Each structure stands twice: as C-alpha cells, then as structure tokens.
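S.K.: First to last, the sequence lines map onto chains Y and X. For reference, each letter of the first sequence is one residue, going 54 to 831 in our numbering. For reference, each letter of the second sequence is one residue, going 36 to 606 in our numbering. Where a beta carbon is used, it is the ideal one built from N, C-alpha and C, also for glycine. Computed from a prediction, not measured in an experiment: that's the story for all the values here. Quick one: the structure is below, questions incoming.
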Amino acid sequence: MSEEWLGTEAAAGESEDEDGNEGQEGGERRHRQLLEAVSALSGRKRRRLAERTEAAVQVSEFNVSTKGAGEKLVLAELLQPIRPKSALSRVKNELTRVKQKAAVELPLSKEEAKRVVREAAYVTTSKDVGKWQQIVLQNRRAEQLVFPLKQDIAAVVPLEQAVSAWKARTPLEQEIFGLLHKTKQPITDPLLTPEEAASLQAMSLEEARQRRAELQKARVVQSYYEAKARREKKIKSKKYHRVLKKSKRRKALKEFELLQKSDPEAALARLEELEQLRMQERMSLKHQNKGKWARSRAIIAKYDLEARKAMQEQLAKNKELMQKVRVELPEEKPDGMPEEDLASVTIPTIPMDASRANPWLLGKPSSPAKELEAQEGQGDLSEPAAVESKEEMEEEEEEEMSEEEALLQDFTQKRHMRRQRAGSPAGQDADVTGAVSEPPGDIPVPLICAEAEVSVGIELPTGAQEEVLLSQQLGRARTMEDVEALASEEREEPAPGGGEMGVQQPVVAAGAKARARQRAAAGAGTGAQQPVAAAEARERQPVAKGETRAQRQQEEGRAGARPARKPAAQKQLISLQAVLEGRAQEVQCPSLPVLLEEEEGGIDQRGVITEAFAGDDVVADFRREKHKAEQDAKPQPVNLVLPGWGEWGGSGLKPSAKKIKRFLLKPPPAPPRKDQHLPHVIMSEKRNIYAAAHQVGDLPFPFERHQQFEQSIRTPVGATWNTQRAFQKLTAPRVITRSGHIIQPISAEDVPAAARPALELAPELRVQSGQRRGRAGL
Amino acid sequence: MAASSGSVSRPPLSAGARGRGRGRGAGAAPGGPRSGSRSRSRSRPRGPERPRARAQGPDPFPGPAPLPRERLKRFLRGGGEKAPRAQAPRLRWRLKRSAQGEEAAATRAARTELLLPEEPGFLEPDPGQDSSTITQGDIVEAVDIASAAKHFELRLEQFGPYRLDYSRNGRHLLLGGRRGHVAALDWHTKELRCEFNVMEPLSDVAWLHSEALMAVAQRRWLHVYDGQGLELNVLKRFPCVLRLQFLPYHFLLATANAQGFLQYLDISVGKEVAALSTRAGRLAVMEQNPTTAVLHLGHGNGTVSLWSPSVPEPLVRVLCHRGAVRALAIDPSGTYMASAGLDRKLRIFDLRTYKVLHDLVLPLGAAHLDFSQRGLLAASCGDVVQVYKEVVKELPTQPYLCHRPPRPPSALRFCPFEDVLGAGHAHGFTSILVPGAGEANFDALENNPYRSRRQRQEWEVKALLEKIPAELLTLDPSLLGRTDTATLQQKREERIQRLGFDPQAKAKFKPRRRVKGSSGLHRKKKVAHEEQRAVIQKSVEQREQKRKRMEKKKMGAPPTPKHGALERFKR
C-alpha cells in the first residue's frame, strides 16, 4: 500500500517534471527504467500504477489501461472458459462446507445443566468427605473419647539427656566410654544405636507406599492369572483339551530337545523322572480300569461304543505310561532318529558312568504286553475284599508266628467275626467270604439269619430274641425304640406259624419294660421320675387284665409302631394318686421322739381338729379344683344368636342348629397350660399386669430381636452388684471433656497416626505425624 | 475353717470371729468330733515355693493367675434365650462390647473371692461313728470358749411356748412367749435389750428391717414396737394374725390371719399394699422364698399355695400331702421346698418343676422345718430336733445331728452367719450348735453382724433407696429383664384395668345448644317438690293396695279372665 502510494507520488512528480524540464527528459526516462529494473529484481509482482501511454478508443475514467498488451498469452487461460462452469458451484461449495461441519448441539436446559454440575460436585465432595469415614467409625466405636482430641503430652526427657554436662573423668570411666564409642554403642540407656536409628528411618512413607502399590499390583495380576486358569480348567470341550494337550506335548518335546542339546545331564534327570512316573503308574491302579468310573463304563461297554472306546483309551494310556523308557547307547545308535513319543526318547550322549550305575537304564525295554498280561492276571484275582482278606490273613499269620499258640484260637475267631461283618451289608461280598471261609456251594444267605436259626430256633420267646438282636446288631440298633421296632418285625415273622398269644405277650412285657427303663434313664438325674414310673407300671397291670384280647392287641400294635411319640400321651396317665403316694423312706434315728405333746398348745384346739379332718378326700377335691381352673381359663365362645330372627321364636322354641352354628363365635384355643403334665399342680395363667407395666414393651432402636436386648440389660451396672473397679468400668462416661479447653472441630491434625492411612496427608503434616504419639482412649 | 488354724486367736469382734465353732478342735477329745474342712483351693497355682534369690529373674508365671471357668460361671449372669446374631454391624459391635463388659465384671468378682477369710466345713465323724450320736455336750467340749458360749438355754417356764426370730445379720434374737412375754436380746453378748409383756396372747413375733423395729402379732391386732419395747403402732387393719414374715428387699410385712386373709404392709410408708383372701381357712403355716420373696402358705387340705401381692389368686397350688401341711421351709437358693404334713411325711420339692425329689417318713412327722444358709434342714419331730445334711442331693437315711430340748419345740430358726439353731419351746429357748450351718463369710455392705449404729443408719438409707416395688414381686424374678411381648390391644386393656378408667377415651359427643338466648339463662327443669311427691305416691300406693286387699276379701275368688284366641277382635 505504502509502495503504491509512493509510486503515485513519484508518478505525479514525473508529470510535473515533464511539464517543467523538457531537457532532462532523456535522463528521467533512464532513471525510471533503472527503478523498474530494480523493482523487477525483487521478483514481486507489483501492481503498477496505471499510466496512459497510448491513445485508446475507450477512455475509462477509472484509469483502466490496456495493460497486459505486451504480455504473452497463456493457452490455459484461453481454454478455461470452454469448460462448462455451473452457476451453482458456489452454492455447492457452500453446501459441502456446511455438510462437513457437525451440527452444534442444543445447549442444555437450565435444570439439566444444574444437575450435571450437582452430580459432579457430589462425587467430588463425597470422595473428599469419605476420607473421614474410618475415623468417624472409630470414634463411634470408641469406648471413651477425651476432648479435646489433641492433647499435649508432656514428654519425659530421659535423665541421661538432661544431664548432658556430665563427663567422664576417672580413667576407668574414660576407658569404658572409649569402648562404647568404639563399638558405637548407645551411651545412655534409651537411645538407639546409629544403625537402629538408620534402620528406623530407612523406609520413608513414599517408599512404603510405592512398595505397597507394587505388591498390590502383583497380587492383582496373580489373581487375574488364577482366574484365567480356573476359567480354562472349566472348559468342557474335549477338542480344546485335546489340542491343548497336544500342544503341551509338543512343547515339552521341543524343550526336551533343547535341553538335550544344551544340558544332557539335566535331560537325563528328566528321563529319570519319567521313569519314576512309570514306576508310579505300575504301582497304582489308576488306569487299569479299576476305578468307580471305569467299572461303570465296563457295565455300559457292552451296549455303548463310546464307553468301550473310553475304556480302551484308558488301557492304552496305561500301556503307554507303563512302557519302559528305552535308553539306547550312543554307540549303538547315532542321533537323528525320528522321535515318535515322549516315552521313547533317545539320548545321544549319556555319560557312561551314569548308565552303568543304574543297571535298569541299560538294555531293552521289557515287553509291555507281558506286563499287561501279568497285571490283568492279578486284576482277575484281586477283587478288593479278597485282597484285603488275604492281606489281613497274612498279617495275622505273621502275628501268630510271633505270638503264643494260645492266642491262635482267638485270632481265628476274630477273623471269623470280621468276615461276618464284611459279609452283612451286601450279598456280593458274602460270596467272597463264603469262598474263603466255607466250602463252595454255600447259599448266599445273610449270616445273621443263619446263626439266628441255629442258636435260637423259631419258637424262641421274643424276649430272648430281643436279646439276640441286641447282641448282634449293636452297631445299628442304638436306641430302645430301634430294638422295639426290630422286635416287632421279628414278631411278625413267626406269627403265622406259632401261637399268637403265647408269642406276643412277652414281647409286650419286654416293650413295657424297655419303656420303663427308658423313662428311668431319663429321670435318673433328678430321681423324681422313679415313683411315677413305678406307679404307671402298677396302673397298667390291672388295665391289661380287664381289657379284651383284641383291644390289647390293637394297643400294643400302636405302641410297637411308634413308641417314640408316646411320652406326651403317657404323661397324662400319671395319676395324682401315684404322685402323692410314692415310695417314702423311713429314717433311722438314734433318738426317737417319745412323746407327742400338744405342740400348738390348747388355744386353737378347734383349728387343729378342722385341719386334721380337712384332708379326707384331698385328692378328689384337688382334682375338681384343677378341672374348674382349667375350664375357667378356657376362652369362652361369644353367643350372638338372636332368637326369633328369620324364624319363629317364643317359649319352648329353640333357635335352629344352623343359626347357632353361624352365630356362636368360637375363640381360638388357648395355648397349652403350663401345668398340663403336672397333675398335682395348678398354675395360674393370669398375667401379672402390675409387673407387666414395668417391663419394656417395645424393642429399643438398634436391637433386632428381643433376646439381644435382654442380653444387653442382663448385667447390672450398679455398685451393689459389682466390684468397685468393675462398677467404674461399666459406668465410665463415653465422652470426657476437660474444663477450660476449647473443643475445636476435628481436623487432620487431630487424628492419631494409627487411624490415618485413609486420610490424605498434607506434606508438612506427614513430618509431624511421625513424632506424634497415639492417644489413649482412641 | 481349717483345723490347723484352730489355735489362732482373734480379737472377739473381728470379722473372723464368727467362724469359730465350725468343726474345731481336732484331736482335742479322743473319740469326739473331728473337724473336717472342705476347703476350696484358692491359692494361685504358682508351683513350688521359689527361693528369694530367684525372684530377680523374669516371672515364670506372667500375667494374671488363671481363673477356672467353673469359678467364673458362678458370677456370670447367663441364662435366658441365646440371642441370634445381629445383622447390623453396629449392633453386633455393641453386643460384643456389652458381653465383654459382663465377662470382665464377672472375672473381677471371681477374683475377689480370694479375699474371703473363712472356709466352711462340717462335722466329720470318725469312721464307724455316726454323727447323729454326737451330743451337744461333745461339741461344746471340743470347740473353743466363744463357740461353746453359743450353746445355751434360757429357762422361761412361765409364759408358755416361745416363738423366735433372728435379725437378718444374726446378731439379735427376738423371743415371744404365747402368754405375752416379749424379749429382745443381743444374743452374742447375752445382753437384754428389752423385755415386756403385752398382756394378751401372742401368736408370732418378727424383726422388721433392723433390730430397731419389731412386729408382734397379738390376739386382736398387730403391734409394732421399737427396740426399747415402746409401742409405735397398733395396726387394727391386721386382726387375728397368726404368722408374720418380713420381706427385706421389698420392705413388706406379710401377715397371715385366722380368717384366711393374707395382708401385706409396706413398712416404709405404712400402707397396706394388698389384702388377699385365700379362701382356705386358717393360715397357720407361712414361709417366704428368700430368692423371689413369694410367700408359701400351707393349708389344711394338703396343698401349698404361692402368693404375690399383685395377683389376687394363688400363683401356684401344689398338692403336697394327703393330710394337712404342718410346716414348710424353702432353701436359700429358692429352688427347693421342704414340706411336712400330718401324713408324717417330709417331702422335698423342686420349685422349678414342682416335682417331688425325695420322700421321707419321719417318726411322728415334722412340726417345724427350717433351712440353714448352707442347706441344712432342721426338723422337729415330736420332742427331737433333727438336722439333715444335703437333703436335696440325695435321700438322707439318717440325720446329721440330733438334739432333744427339754420340751417339744414350738419354733425352729437357724441363725444367719452362725452355726447355731434356735429352738423355742414351752420352757424357754435352746440354742443348739450345728457345725456348718451358717454361711462362713458375710457381705459387710449387706448384712454386717458387727456394724455400728452409723453403719446401720447408712445401710438403712441405702436399703430404702434400693427398695423393690411390691408390684415386681413375681414368681419369676427375671421377668423385669424380659421384654413384654403382649399385643398393643392387650396392653391397653390392662392399662384401663390398672388405672380403673380409660385415659384415651374421648368424651361423649354432646350437641351444641343451638337455641338463641337460652344458653345463659337456661333454667333447669326439675320436678317440683320431689320428696313430697314421693311420699304422697307411696301413701297412695299403700292405700290402693289396701283397697284391693279389702276387695279381694269381699269378692272371694276372682273370676277367671277370658283369654280366647279371638278376644282381640272383640269390640
């Protein structure tokens, strides 16, 4: 712009010069040319001032010159207008530009914007406040809080520090101190050695944090890995596992090869390991189709191709595992032999001494088929029970060899017993034992039955049978109920054969006896039950006499069926008479009373006489009273029947049964009385409303169950019921404030160091925290 | 007390002085009673005695001495239902802390047992010897002088069979002869505090909360005297009282009278708390349960009934004997009851289950029973006093001790904190030595036999402050510690019943008077001359009746009125 301006001025100057000095025209022109040349040097295209140098037809008032007349034409310029130029191109451009630009979203409404801000504020604030969570909890749980929290604890300066002016003077002292200094021992008692102090300062807080973070990370990574492993382990796809296994095997092979090359000794060790594995496999029955799974497969194998396949796979595996690792000496075979299996790996260079030392490593592998055969042969024989019995027998034989001859008899007996026990649960095993102990061709009958037949016979009284049962099935029939049940079962068997009456009578007697025994056992602790039980027995006898046979049978059948549920019902049978009578013991007294004088004196003669004759029929009276009390305590039905409604009413007409049924409201039955099993006791069911007024009616706040509340108020806190110290402890105030001290709101400084890890510490605080001690009461 | 420390002499009024006579003097008399000790070992298991030189080393038994769980258990207030685990952590924390506090308090209490100076023991006979054959003379010979002085006899032949009562600390004795003689004495020093005659027959005497007040049930009314024998009160609302029982923690004096009324008097405020009609005739047998303060009454029909002042019916009725109940006794733990009846039987009941534990036939039956603090049971059979040991554990075959006072006893009481059994009879009073009867150690803040006057006054104030309201006297003392699970409705009804009105009841709706002008000046409308009218009406009626009667006489039989079915259509 300024250049242009300068140019115009210069041009104006020229024109003036033209007008003024014609003579200098030539020089002027030259000067101009020079200027042009100079300006051309800069290379910049300048808009030159339009200057009319020639005449033209059209003279523009806007200084339009025929500029460019001397310039060359460019072809491209000429060609340009040929291309059709749409008039909408500009619009199109605009459109594309608009399209490229994303739409500006509508600004949020005021409420929403506020909400967002609020949420963000909440998050930050809660995070900020959350740091205090731990401390608040701690303070709430604290048994006692002493305010102000920050207390200046007067540090006790050790005497040795206080008296620092003291110096060693005597030669002995000097010598001692010299020694101490030399070993850098602390001179004063509580001070630390420099090493200790250094170790205390060794780890700063930052470092510790870093450490912790690292550890945390490691743990996290480990847990991830574990989770992954667990996940992979759970994959059920067989194909996956197959592939996995294959890859593993391949990997192992590769590793082994590498190992072989790098460290032949290690490879040998690995090989030995394999050998160990093989030995283990030989010892175990893992893949010999003996397990639970394998046996189940064996049953199905007949019908299921897959099961058969699985079995075969197992056996193959066994074979494979049992195959001996063939070690070939390098002399015999050069390396380069293709490796087919991990089991038949050859090692190129084996140190001779090692192979010599282990003769098993030399030579050819024993034929696996043979071994398998042997195994199978053993397997045929070895049903587990048989093996066991064999082993036991062997053991026992050994023992017998060492023990005396007299014990021999005992052992055989024992063995017999054991075999019986083994034989009882399943008939299958019984066969085996039979094969061992008895001649073949024995019928697979449970041994107990056989023995029972032999020793007892059919027409044995059932009491004796019961004894037999007791002795034989101690393991199973633990309780008397069981025995009774057994007895009833037994009874059913001989019933059709023998006389019913004759058999059943003793059974019942035995059952009753058993029950009596049971009850006696139950009441043994208190001894209170004794007379009751005896009384019941006494009562039952006449009843049994009076009843018909059929009734008795029924009753007994019931008793036999469910004896355990009886006691509740039986308790009702306890009679008041029995309670009162009981067996009383006479006292042996050295000095018997000789005379019974009128103890009360003659004043209340009448009272004494009435007392003496009052109890003529106390039992009946009491029973009546109890019945009355029971009736009174029962909730009464509410009668809402209105006679005459919907039907005829009047004297002699009763409301219909339907109506009564509808309008007589029966209350729910009362809970069972407390004295229902105590015939000699009447207990009042009335609530003590005056005492209930003092009870706590509603459960106080933090408690969830009334038992919890009761537990918490169980212990009295008063000094009357506690020792002085316990009383002080139990009634210590939760908060203690010191008079004259200002209680400031809690700050990070107030929190003792122990509670602080959650709290973010300011750097200057961190220094202080090391020096501050934990406060008592927090 | 251990026999080895028998010769140690103590100052006469020291705390240990009471322990004398507890089976003392081993070997003092050959063939005589031998003292035995059932000492509980209280020493810390410290191993062998360490020499002084080793004391400088570290303590081989660091920390507090181990406390056996059984010892701790006696101080734990367990029982009740086990609380389920709390859901809220805060509550869990709180419960845990309270449990810890409880345990700590119990531990402290158990450790302080170490401070108890005395150890109890029983008379142990030589092998082959029967302890019941040992006479009082033998015992007196064997024991020290102070203990021997506790066996004595008071000959008071004039005023008939005596009733007696010991004060709660066992220091003072109150005697009441049937013919009106009342005597109060400090029986340790045999110092007579007061003696007077009430000039009418009396049936029972009882100390109130301290030795400064006593109640005497005289023929007509109940009288209260002070320690000097000054009559303080005549309670005319309590007539014909036969038996007295003082409930120390409730400050209640319970009286049973000849008309079958059981009355409770609160002596701290002088108010009759309850008067219950038992409807069971004469109440000559009454005992209290020392733990629950429930009263046990024995009746003529062989039952024993249990009463509390807040329930108007017996809490429990137990049929104990075929004949009338003659005597009752309840053991200090409140768990066992002994009853004797006219059927000559002595029965021990478990009060938790109301079942008979033991059944014993005594010669002539027992007329009086009493349990000692350590569970000895004294029974007077005819003229013999028998003492049984460990009755609740096993059925006794023979008594532990026997003694024959000059007359058949009319009352039996064990003295608290002493090995002494007092028996009142027609010829006075006998104090019998029963080794092992009393509690060896006393709680000086509760019952101090050696307290001074100031101490007694202080105790009195404290006891009054801790007085238990009469309403809380229930069969189950743990009732207050349980929450009341009754429904709201029930509670409201009970409240109305207690107060006698419904506090929440709304006033009955009364429509507002709407008529103008009549509100202030409304005049009551009444029948004029009401009384006069009534009189007139009455006279008119009488006249009418008279007239009718005259008519009847004139007419003779009245004609039967016609009441046909169609009568009503008649017109």
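Enumerate in chain order the residues of its own chain whose CB-to-CB distance from Lys605/X is below 6 Å, with the five nearest sequence positions on each side excluded.
M.R.: Once the five neighbours on either side are set aside, Lys605/X has no close Cβ partner at all.
S.K.: Taking the straight line between their C-alpha atoms, what separation do you get for Ser252/Y and Glu172/Y?
M.R.: So the alpha carbons of these two residues sit roughly 47 Å apart.
S.K.: Going by DSSP, which residues form a beta bridge with Arg190/X?
M.R.: Partner(s): Gly463/X.
S.K.: Where Met590/X and Lys583/X are concerned, what is the direct C-alpha to C-alpha distance, given to the nearest angstrom?
M.R.: One C-alpha to the other measures close to 10 Å.
S.K.: Less than 8 Å between CB atoms is the rule here; does Leu130/X satisfy it with respect to chain Y?
M.R.: With 8 Å as the cut-off, Leu130/X counts as an interface residue toward chain Y.
S.K.: Quick one: give me the first and last residue of the beta strand (DSSP E) that Trp346/Y is part of.
M.R.: Run containing Trp346/Y: none in the beta strand (DSSP E); it sits in the alpha helix (DSSP H), Lys345 to Ile353.
S.K.: For Asp301/X, does the count of other Cβ atoms within 10 angstroms reach 16, so buried, or fall short, so exposed?
M.R.: The residue in question, Asp301/X, is buried, as its Cβ has 16 or more Cβ neighbours within 10 Å.
S.K.: Which runs of the beta strand (DSSP E) spanning at least 3 residues fall entirely within the segment 266 to 330 of chain X, listed in chain order?
M.R.: As far as the segment 266 to 330 of chain X is concerned, its whole beta strand (DSSP E) runs of at least 3 residues are 266 to 270, 276 to 282, 287 to 292, 296 to 301, 306 to 312 and 320 to 323.
S.K.: Please list the partners that Ala779/Y has in chain X, where partner means a Cβ-to-Cβ separation under 9 Å.
M.R.: Going along chain X in sequence order, the residues near Ala779/Y (Cβ under 9 Å) are Gly136, Ala139, Ala140, Ala141, Thr142, Arg143 and Ala144.
S.K.: With 8 Å set as the bound, which would you pick, yes or no: does the beta-carbon of Arg357/X sit closer than that to a beta-carbon of chain Y?
M.R.: Cβ-Cβ to chain Y under 8 Å: yes for Arg357/X.
S.K.: So with Cβ pairs under 8 Å, would you call Lys117/X a contact of chain Y?
M.R.: Judged by the 8 Å Cβ criterion, Lys117/X is in contact with chain Y.
S.K.: For Val691/Y, which residues in chain X fall below 9 Å Cβ to Cβ?
M.R.: Within 9 Å Cβ-Cβ: nothing; Val691/Y doesn't reach chain X, min ~16 Å.
S.K.: Could you run through the segment 681 to 713 of chain Y and flag, in chain order, every residue whose CB is less than 7 Å away from some CB of chain X?
M.R.: Within the segment 681 to 713 of chain Y, no residue has a Cβ that lies closer than 7 Å to any Cβ of chain X.
S.K.: Smallest Cα separation from Leu149/X: which of Pro101/X, Pro95/X, Arg442/X and Val360/X?
M.R.: Taking only the C-alpha atoms, the option nearest Leu149/X is Pro101/X.
S.K.: Terminal residues of the continuous alpha helix (DSSP H) containing Ile571/X?
M.R.: Counting along the chain, the alpha helix (DSSP H) containing Ile571/X begins and ends at Glu565 to Met590.
S.K.: Under the rule that 16 or more other beta-carbon atoms within 10 Å means buried, what is Lys679/Y, buried or exposed?
M.R.: Classification of Lys679/Y: buried, given that the 10 Å Cβ count is 16 or more.
S.K.: Taking the alpha-carbon of Pro720/Y as reference, which of Ile742/Y, Asn692/Y, Ile735/Y and Lys707/Y has the nearest alpha-carbon?
M.R.: Ranking Ile742/Y, Asn692/Y, Ile735/Y and Lys707/Y by Cα distance to Pro720/Y puts Asn692/Y first.
S.K.: Classify Gln197/Y as buried or exposed, calling it buried when 16 or more other Cβ atoms lie within 10 Å of its own Cβ.
M.R.: It counts as exposed.
S.K.: Are the beta-carbon atoms belonging to Thr465/X and Ala458/X less than 8 Å from one another?
M.R.: Cβ atoms of Thr465/X and Ala458/X: closer than 8 Å.
S.K.: Using a Cβ-Cβ distance under 8 Å, would Gln122/X count as near chain Y?
M.R.: Judged by the 8 Å Cβ criterion, Gln122/X is in contact with chain Y.
S.K.: What residues are listed by DSSP as bridge partners for Gln253/X?
M.R.: Answer by DSSP bridge pairing, in chain order: Leu237/X.
S.K.: Just to confirm my understanding: we take Asp385/X, look at its own chain, exclude 5 residues before and 5 after, and list those with CB closer than 7 Å. What are they?
M.R.: Within the same chain, Asp385/X has close Cβ partners Thr370, Tyr371 and Leu392.
S.K.: Along the chain, where does the alpha helix (DSSP H) that runs through Glu230/X open and close?
M.R.: Not the alpha helix (DSSP H): Glu230/X falls in the beta strand (DSSP E), residues Glu226 to Asn232.
S.K.: Classify Gly836/Y: buried if its beta carbon has 16 or more other beta carbons within 10 angstroms, exposed otherwise.
M.R.: Outside the shown range of chain Y, which is 54 to 831, sits residue 836/Y, and nothing can be said about it.
S.K.: Below 9 Å on C-beta distance, what does Leu731/Y contact in chain X?
M.R.: By Cβ distance, chain X contributes Val353, Thr388, Tyr389 and Lys390.
S.K.: Residues in the same chain with beta-carbon distance under 6 Å from Pro431/X, minus the five sequence neighbours each way, listed in chain order, please.
M.R.: Excluding residues within five positions, the ones whose Cβ falls inside 6 Å are Tyr423.
S.K.: State yes or no: is the C-beta of Gln280/X within less than 8 Å of the C-beta of Ala219/X?
M.R.: In this structure, Ala219/X does not lie closer than 8 Å to Gln280/X by Cβ.
S.K.: Can you tell me whether Asn146/Y is buried or exposed, with buried defined as 16 or more other CB within 10 angstroms of its CB?
M.R.: Its Cβ having fewer than 16 others within 10 Å, Asn146/Y is exposed.
S.K.: Specify the secondary structure class of Ile169/X as computed by DSSP and reduced to three states.
M.R.: In the structure shown, Ile169/X sits in coil (DSSP, three-state: anything other than H, G, I, E or B).
S.K.: If I measure Cβ to Cβ from Gln313/Y and keep anything under 6 Å in the same chain, skipping five residues before and after, which residues do I get?
M.R.: Closer than 6 Å at Cβ, skipping near neighbours: Ala320.
S.K.: Can you tell me which of the three DSSP states Trp774/Y falls into?
M.R.: Three-state DSSP puts Trp774/Y in coil, outside helix and strand.
S.K.: State the beta-bridge partners of Met332/Y as determined by DSSP.
M.R.: Per DSSP, none; premise fails for Met332/Y.
S.K.: What is the C-beta distance between Gly195/X and Cys450/X, in whole angstroms, given that I count them as a contact (C-beta under 8 Å)?
M.R.: Not really, about 23 Å apart at Cβ, beyond 8 Å.
S.K.: What residue ranges within the segment 394 to 472 of chain X form continuous beta strand (DSSP E) runs of no fewer than 3 residues, ordered along the chain?
M.R.: Qualifying beta strand (DSSP E) stretches, in chain order: 403 to 406, 412 to 416, 419 to 423, 436 to 438, 444 to 449, 455 to 460 and 463 to 468.
S.K.: Is the shortest distance between the beta-carbon of Val640/Y and the beta-carbons of chain X less than 8 Å?
M.R.: Answer yes: the Cβ-Cβ gap between Val640/Y and chain X drops below 8 Å somewhere.
S.K.: At the 8 Å Cβ level, is Ala521/X part of the contact set with chain Y, yes or no?
M.R.: Answer yes: the Cβ-Cβ gap between Ala521/X and chain Y drops below 8 Å somewhere.
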